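Working notes, structure below.
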Amino acid sequence: MKGKKILVTGGTGQVAGPVAKALAADNEVWALGRFGTPGAEEELTRHGVTTFRWDMDDTTGAALAALPGDFTHVIHSAVRRGEDGDLNTAVEVNTVATGRLMTHCRDAEAFLYVSTGALYKRQTLDHAYAEDDPVDGVADWLPVYPVVKIATEGVVRAYARTLGLPTVIARLNIAYGPGGYGGVPMLYFKRMLAGEPIPVPVEGQNWCSLLHTDDLVEQVPRLWEAATVPAVLTNWGGDEAVGMTDCVRYLEELTGVEARLVPSEVTRETYRFDPTRRLELTGPCKVGWREGIRRTVEAMYPEYATTRGAVRA
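Sequential numbering of the sequence shown, starting at 1, is according to full-length UniProt numbering.
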């Protein structure tokens with residue numbers, strides 16, 4: 001992708017950050033955000049990204065009014081997750097901000113909204129969730145978050161039709177890699193380093209579809225190409241089913257650091273995806289999960305990287 005004018009929200013995060021930096025090499029990329037993390041804005045500008053101050057809580061819309069409106073492509077991954085438990089405020093902030101953003105960028109060639117797989121109604125731990133599976137927005141580990149995503153998906157669908165804006169909704173699985181905080185596998189590794197317990201299901205293990213940021217970055221332009229009116233919906237995860245307990249055990253093998261796995265009724269639930277539709281839109285992933293974990297550890301924790309975790313044939 002070259003010569004486009006791209007707008008990114010959530011540009012300091014695990015998803016949009018790598019996208020903004022990669023696409024800035026051949027495109028004009030703008031990142032919207034509050035940039036509260038020290039050094040985050042400078043890191044983007046070093047890669048040629050233009051930053052623009054935008055708070056999703058802005059009730060006046062004044063900030064967006066000062067933003068150029070000639071973007072060709074948009075990826076919207078910024079979210080108010082609702083860690084404070086205030087559902088009404090989180091829904092208000094996310095839906096209104098998204099509607100205003102889509103209206104401002106109504107002439108774009110494609111709009112990509114990053115949703116989540118956490119909104120699916122929980123079935124068996126190893127169930128492969130497809131796009132037409134039922135949703136309920138129940139997540140004990142962060143109750144407000146999936147409800148917010150369901151509400152915002154509704155807004156995105158409505159505005160795609162109302163504005164005639166080609167749109168794709170991508171329900172993200174677990175993105176991971178050396179950028180940002182590393183993703184959920186590296187959160188687990190930090191707990192391992194601290195000797196903290198890692199809750200796991202009493203029986204079986206949580207399954208997921210890890211997506212390395214290299215694959216994520218490569219797939220964004222293909223998702224934009226798939227954007228339509230009405231909005232197209234797809235899961236967005238890796239090709240492989242990965243057990244999170246297996247992932248932690250591999251981290252043990254790779255680094256020599258012991259994990260304290262503690263059976264619990266409440267865990268950070270993850271979801272395995274049926275990748276069929278996403279494969280049709282983007283093609284296969286290139287980074288296997290073991291290779292991706294190894295590369296992430298080598299980049300973020302080189303002092304713990306060993307040859308014991310070499311990628312298996």
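From the three backbone atoms N, C-alpha and C, an ideal C-beta is built for every residue, glycine too.
Predicted model only: the values in this text are computed from it and were never measured.
Cβ neighbours of residue i in the same chain (closer than 8 Å, five flanking residues each side left out)
i: Ala305; result: Leu254, Thr255, Arg294, Val297 and Glu298
i: Asp55; result: Arg34 and Ala63
i: Gly13; result: Ser77, Ala78 and Gly180
i: Pro284; result: Asp239
Residue i - DSSP class collapsed to helix/strand/coil
i: Lys190; result: helix
i: Cys208; result: strand
i: Thr51; result: strand
i: Tyr250; result: helix
i: Arg260; result: strand
i: Leu279; result: helix
i: Val15; result: coil
i: Thr89; result: helix
i: Val138; result: coil
i: Thr162; result: helix
i: Ala310; result: Residue placement at Ala310 is poorly supported in this model, since its pLDDT is 44, which falls under 50; the coordinates are not used for a value here.
i: Thr124; result: coil
i: Thr296; result: helix
i: Tyr145; result: helix
i: Thr45; result: helix
i: Thr59; result: coil
i: Leu67; result: coil
i: Gly99; result: helix
i: Thr255; result: helix
i: Gly154; result: helix
i: Arg222; result: helix
i: Glu291; result: helix
i: Val184; result: helix
i: Lys2; result: coil
i: Ala20; result: helix
i: Ala40; result: helix
Sequence-distant residues of the same chain with beta carbon closer than 6 Å to residue i, five excluded per side
i: Asp214; result: Val287
i: Tyr113; result: His76, Val156 and Ile169
i: Pro146; result: Ala118, Leu119, Gly137 and Ala139
i: Asp133; result: Tyr120
i: Ala110; result: His73, Pro166, Trp224 and Ala227
i: His212; result: Gly177, Val287 and Gly292
i: Gly243; result: Gln205 and Trp207
For residue i, the residue or residues it bridges with in DSSP
i: residue 315; result: Residue 315 lies beyond the stretch modelled for the chain, which goes from 1 to 313, so this question has no answer here.
i: Tyr301; result: In DSSP, Tyr301 forms no bridge with anything.
i: Phe273; result: Tyr129
i: Asn235; result: Arg171
i: Gly243; result: Trp207
i: Ile198; result: Leu261
i: Phe111; result: Val74 and Thr167
i: Thr116; result: Leu172
i: Thr213; result: Its beta-bridge partners do not exist; DSSP assigns none.
i: Thr228; result: Thr167
Best match in the options for proximity to residue i [C-alpha to C-alpha]
i: Gln205; options: Tyr271, Ala160, Val217 and Arg191; result: Tyr271
i: Trp207; options: Gly237, Arg222 and Pro178; result: Gly237
i: Arg100; options: Val242, Thr162 and Asn173; result: Thr162
i: Val248; options: Glu240, Lys121, Arg290 and Glu265; result: Arg290
i: Thr103; options: Asp86, Ala158, Lys149 and Glu92; result: Ala158
i: Glu218; options: Gly10, Thr37, Lys21 and Leu7; result: Lys21
i: Val15; options: Leu187, Leu142 and Gly180; result: Gly180
i: Ala151; options: Glu28, Glu109, His127 and Ala90; result: Ala90
i: Pro68; options: Ala78, Trp30, Arg46 and Glu41; result: Trp30
i: Thr124; options: Glu252, Asp107 and Phe273; result: Phe273
i: Arg53; options: Leu32, Arg122 and Arg46; result: Leu32
i: Thr9; options: Thr60, Phe71 and Asn88; result: Phe71
i: Lys190; options: Tyr129, Leu210, Glu258 and Gly36; result: Glu258
i: Tyr250; options: Asn173, Pro185 and Arg268; result: Pro185
i: Asp246; options: Val266, Leu210 and Asp107; result: Leu210
i: Leu142; options: Leu87, Met192, Val262 and Val96; result: Leu87
Residue-chain proximity (residue i, chain B), Cβ-Cβ < 8 Å
i: Val114; result: Given the protein chain composition of this structure (a single chain), no chain B is represented.
Anticipated Cβ contact below 8 Å, residue i with residue j, distance rounded
i: residue 314; j: Val229; result: The structure shown does not extend to residue 314, since the chain is modelled only from 1 to 313, so the question has no answer here.
i: Arg80; j: Thr116; result: With a Cβ gap of about 13 Å, Arg80 and Thr116 do not count as contacting.
i: residue 320; j: Arg260; result: Nothing about residue 320 can be read from this structure; the chain reaches only from 1 to 313.
i: Gly177; j: Pro18; result: 7 Å
i: Glu42; j: Ile6; result: Not really, about 20 Å apart at Cβ, beyond 8 Å.
i: Val144; j: Gly183; result: So it is not a contact: roughly 21 Å between Cβ atoms.
i: Ala160; j: Ala231; result: 4 Å
Close-in-space but distant-in-sequence residues of the same chain around residue i (CB under 7 Å, 5 per side omitted)
i: Val93; result: Met56, Asp57 and Arg80
i: Glu131; result: Leu233, Thr234, Asn235 and Arg277
i: His127; result: Arg272
i: Leu23; result: Met1, Ile6 and Val29
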